[in-house]
Amino acid sequence: MSNRSEVLLMIVLTILFFTSCNKLEIDAAERSKENINKGWLYLENNTSDINEALKQDNWQSINLPHTWNALDATDITPGYRRTGSWYKKELEISTIVANQIYQLYFEGVNITSEVYVNGSKVGGHIGGYIGFNVDITDAISTGTNEILVRVDNSYNPEVIPSQKSDFFIFGGITRDVWLETFPIRHLANLKITTPNISKENANLNATFEIINSDDIASVKAILLDSNGTEIQSQTKEFANSDLEFSFNELKDIELWDTENPNLYTFKLQLLQNEKVLDEISEQVGFRWFEFKDYGAFYLNGKRLLLRGTHRHEEHAGVGAAMSNEQHRADMELIKEMGANFVRLAHYPQDPEIYKACDELGLLVWDELPWCRGGLGNDIWKTNTKTMLKEIIEQNYNHPSIILWSLGNEIYWLPDFEGGDNPEKINAFLKEFHDYAHELDPTRKTAIRKYYEGADIVDVFSPSIWSGWYSGSYKSYQKAIDQYKKEYPHFLHAEYGGSSHLGRHTENPITGEGKIQSDGWEEAIVQTDVANIAQIGDWSENYIVDLFDWHLRISESDSTFVGNIQWAFKDFGTPLRPENAIPYMNQKGLVDRTGKPKDAFYVFKSYWSDKPFTYIESHTWTERQGPKGKSRELSVYSNCPEVELFLNGTSLGTKKRNTLKFPAAGLNWNLNFYEGENTLKAIGKTKEGNEVEDVLTVNYRYVKNGKARALKLEYEELDNGNYLITATAIDSKGLRCLDYEKRVYFQCLSGGEAIVSQGTPRGSEIIEMANGQASIEVKRYSKSELLQVMVLNQSFKGTYLNID
């Protein structure tokens, strides 16, 4: 063989060798997703210098999600930490697979971030409520890799939401973090639409991308039902253009709706010689919806009254750094109440929320965090437009989402000079509306409380706070009648009021004779005209009546789209230091731990199908009044009829009628006996089954006098902690059921109070509810004296010693 032939042979063999190696490398590359929440270090230091951060020796061990504002947002000190911090993790990678991409995926980092791997900056993000990824392929090596993330929630008027918003902007890596891998040639950006749906036929269109593919690629699309059974499949050759599949005239498809959220799976496979090189999938819900002009809302051709609430992303003790279990628990409780709609206020939320809404059957108003602050500068506009694009692209495939909200109260309290100019705002809002439809032609846009732009978006909500920020709740019908005529697609978002868990009164303040206006505009709160928010008692009794009236109206109006109560759970706010629980917005139907207030059961009585009865109220078991004075007692139930018993004697059966008020006619006048009274409500279903509720009320005929002292008592809880309860008493030792002043708790020795929770027994400063307040205390050791103090301006110090 000649030298030339030998050289040619060697070249051919070399090409074959490397081609084979390259094929092996491609085959070895795979898609994976690993949660890396555990084993991080946290440095509370504002330096922007990575080397300076690494020199510090006070890194703390943590797991994600995490926020440095978990407690300081709701502590007794004004303000909360708005600055930068660092996170660090050692990431072990045993083998670097060639032709494989490695990336970090952050579900949410609040509010701006910079990501470093092995000392090199590899990416970052602006905007705290949206997921983003960072390619780390070129920065990693075999073995130990050091990840550092600088996070900053400093005041930045160029990034929404405005700091003038009525909620905390929690700083930190507040959601899950993942290490993801996939082949260098892979599928991406799968977007699914379900056009031209009917009860008989369904269609599906799917667009996607093939990344790093220069030649013809073979892709298979498969539609699977909820059991994993293949419905239909297609395989097509693509030359990296017109990347789309269409499945037409699908038969016997089970539609997605709020009662039966049927989900299918759409799967894409990138093939090479019938071998799957990459695979991605998304859940699919087949549904269609319509907002009738000046009429109701329709889902899959049927009228559906939207029964909604709002959700802020936070929980006692952890702030916004909630676990997936806590996220899911919120949504399950909302569904248990009977809601079919949720507005995500005022920002996109954790991926677990959208997953839960898809699976539980909750329609979604997804909101861009343009909340107050007005129109910003050019950088603000770029950031805001980018965030809208990210939100829509990130959440595109969720069947639960029907509305992209472009903002809330956007004109209010401008951060930039001239930022409240309607002409400039409208020009940008119109651009925004068009851009949203360009990104997603299948859904509607919405906005709340910006009247000048009401005709720009598809769905509009004016501000109606009847019975709280304006007028009487009895003006609600008048308000919605006007707005139904004025706005073609009118959906009422936000109504309600604050209630302090456990605060009750025989005669709630309703504003009758005190509030002169019967208007419904929230603007009244900026005037000197009194409203219930200013003069009310924040009792649970008033709030159940307010919601009862609103629901009585909305449930009987055949042309009403629906309304969305504000808000499901109490949440923190820097703007309300004087509330009954400082820095807490207490308009929730449940407290910040998810414990239901009475109002929860009002909604459940109108919305839930699961039979129940609830006697108002389980947090009102100590009452008083003169002998012979009758009291009205309500039972909230969804049963057709309820019978009430007092100490074993029937007080009669009442039929439920939603046209009656209060409690749909399930209310009785009764005379309590002095001492212990046992109440039992038995609800009877259409099928003849029974559900019951039992409540014991202690009633006295002697009215308490003026509060003269605070008394401290304790009980040991199942978790080993102590519940310390302060009671206001008069000169005869009677509990002062009308005492509502603030008290201040302090654990002096032997333990620590569980504080800054924003809850009725996790706040060291709190207003009393019917003359009582509690704090939970963790004791260090039973061999050590535990001493707790409570005081206020009137009572300088009461002490409890537990030996």
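Residue numbers (full-length UniProt numbering): 1 to 803. Even glycine gets a Cβ: it sits at the ideal position worked out from N, Cα and C. Since the model is a prediction, treat every value here as computed from it, not as a measurement.
Compute every distance between the C-beta of residue i and the non-hydrogen atoms of the ligand COA, then say whether any falls below 8 Å.
| i | result |
| --- | --- |
| Cys736 | With respect to small molecules bound, the structure shown includes none, and the ligand COA cannot be examined in it. |
Excluding sequence positions up to five away, which residues of its chain have a Cβ less than 8 Å from the Cβ of residue i?
| i | result |
| --- | --- |
| Glu92 | Gly143, Thr144 and Asn145 |
| Asn721 | Ile754, Glu776, Val777, Lys778 and Arg779 |
| Ile524 | Its pLDDT being 37, under 50, Ile524 is placed unreliably by the model, and nothing is read from it. |
| Tyr487 | Ala454, Phe460 and Pro462 |
| Asn156 | Ile111 and Thr112 |
| Lys389 | Tyr435 and Leu439 |
Grab me the residues of residue i's own chain with a C-beta within less than 6 Å of its C-beta, minus the 5 sequence neighbours each way, in chain order.
| i | result |
| --- | --- |
| Ala436 | Trp404 and Thr445 |
| Phe612 | Val691 |
| Met153 | This sequence places Asn at residue 153; Met is not what is there. Arg82, Asn110, Ile111, Ile169 and Gly171, listed in sequence order. |
| Phe135 | It is Asp, not Phe, that sits at residue 135 in the sequence shown. Only Gln103 meet the Cβ criterion. |
| Tyr397 | Reading off the sequence, residue 397 comes out as Asn, not Tyr. Ile192 and Glu282, listed in sequence order. |
| Lys88 | Leu41 and Leu148 |
| Phe235 | As written in the sequence, residue 235 is Thr, which differs from the Phe given in the question. Excluding sequence neighbours, Thr235 sits near Lys220. |
| Asn46 | Thr83 and Gly84 |
| residue 806 | For residue 806 there is no data in the structure shown, the boundaries of the chain being 1 and 803. |
With distances taken Cα to Cα, identify the nearest neighbour of residue i among the options.
| i | options | result |
| --- | --- | --- |
| Asn118 | Thr137, His346, Ile464 and Asp718 | Thr137 |
| Ser165 | Gly705, Ser120, Gly648 and Pro369 | Pro369 |
| Gln477 | Asn531, Thr559 and Asn212 | Thr559 |
| Asp440 | Pro422, Tyr451 and Ile391 | Ile391 |
| Ile111 | Lys587, Leu104, Ala728 and Tyr129 | Tyr129 |
| Ser756 | Thr573, Glu715 and Gly750 | Thr573 |
| His504 | Gln772, Tyr614, Gly797 and Ile50 | Gln772 |
| Ser85 | Thr74, Val134, Ser48 and Ser731 | Ser48 |
| Ser241 | Ser539, Ser630, Gln232 and Asn212 | Asn212 |
| Val318 | Asp730, Thr593, Lys597 and Pro626 | Thr593 |
| Leu41 | Asp378, Phe289, Pro422 and Trp68 | Trp68 |
| Arg700 | Lys292, Glu34 and Lys629 | Lys629 |
| Phe106 | Pro626, Arg150 and Ser218 | Arg150 |
| Leu71 | Gly758, Thr727 and Asp693 | Gly758 |
| Gln793 | Glu767, Arg631 and Arg303 | Glu767 |
| Asn35 | His315, Asn324 and Asn99 | Asn324 |
| Asp570 | Glu452, Glu244, Glu313 and Asp214 | Glu313 |
Once you ignore the five residues that flank residue i on each side, which residues in its own chain have a CB closer than 7 Å to its CB?
| i | result |
| --- | --- |
| Ile765 | Ile76, Pro582, Arg742 and Tyr744 |
| Arg307 | Gly338, Ala339, Asn340, Phe341, Gly562 and Trp607 |
| Lys703 | Gln624 |
| Ile126 | Thr112, Val159 and Asn383 |
| Asp803 | Leu785 |
Expressed to the nearest angstrom, what Euclidean distance is found between the alpha-carbon atoms of residue i and residue j?
| i | j | result |
| --- | --- | --- |
| Ser226 | Glu259 | 16 Å |
| Asp252 | Glu200 | 7 Å |
| Lys430 | Ile456 | 6 Å |
| residue 807 | Ile402 | This structure gives no information on residue 807, because the portion of the chain shown stretches from 1 to 803. |
| Glu274 | Leu43 | 50 Å |
| Gly705 | Tyr739 | 10 Å |
| Ser774 | Gly751 | 16 Å |
| Arg372 | Ala345 | 13 Å |
| Ile480 | Asp378 | 38 Å |
| Tyr673 | Asp545 | 26 Å |
| Glu521 | Asn203 | Note that Glu521 scores a pLDDT of 40, beneath 50, so its modelled location is shaky and nothing firm can be said. |
| Val97 | Asp278 | 15 Å |
| Thr527 | Gln534 | For Thr527, the pLDDT reaches just 44, beneath the cut-off of 50, and the residue's location in the model is therefore unreliable, leaving the point undetermined. |
| Tyr354 | Asn395 | 8 Å |
| Ala493 | Gln565 | 7 Å |
| Ile509 | Asp537 | 6 Å |
| Leu406 | Cys747 | 47 Å |
| Tyr80 | Ala73 | 5 Å |
| Pro348 | Glu367 | 6 Å |
| Leu333 | Ala356 | 11 Å |
With a threshold of 9 Å between beta-carbons, can residue i be considered close to chain C, or not?
| i | result |
| --- | --- |
| Val342 | Absence of chain C from the displayed structure is noted, only one protein chain being present. |
May I ask you to verify whether the segment 178 to 196 touches the segment 265 to 278, counting CB pairs closer than 8 Å and requiring at least 3?
Segment contact: the segment 178 to 196 against the segment 265 to 278, three or more CB-CB distances shorter than 8 Å; contact assigned.
Does the structure place the segment 607 to 618 close enough to the segment 332 to 351 that three or more beta carbon pairs sit under 8 Å?
yes
contact_flag[the segment 166 to 181, the segment 62 to 77] where n(CB pairs < 8 Å) is 3 or more
yes
Specify whether the segment 668 to 688 and the segment 703 to 719 touch according to this definition: at least 3 beta carbon pairs, one from each stretch, less than 8 Å apart.
no
Are the segment 156 to 171 and the segment 50 to 58 touching, with three or more C-beta to C-beta distances below 8 Å?
no
Three CB pairs or more closer than 8 Å across the segment 583 to 599 and the segment 496 to 508:
yes
Runs of 3 residues minimum, wholly inside the segment 632 to 711: which ones carry the beta strand (DSSP E) assignment?
641 to 646, 649 to 655, 667 to 670, 675 to 684 and 690 to 700
Whether or not the segment 618 to 628 and the segment 649 to 657 are in contact is what I'm after, with contact meaning three or more pairs of Cβ atoms, one per stretch, closer than 8 Å; do they touch?
When C-beta atoms of the segment 649 to 657 are compared with those of the segment 618 to 628, fewer than three pairs fall below 8 Å, so the two segments do not count as touching.
Every unbroken beta strand (DSSP E) inside the segment 198 to 226 [3 residues or more]:
201 to 211 and 217 to 224
What residue ranges within the segment 343 to 389 form continuous alpha helix (DSSP H) runs of no fewer than 4 residues, ordered along the chain?
351 to 360
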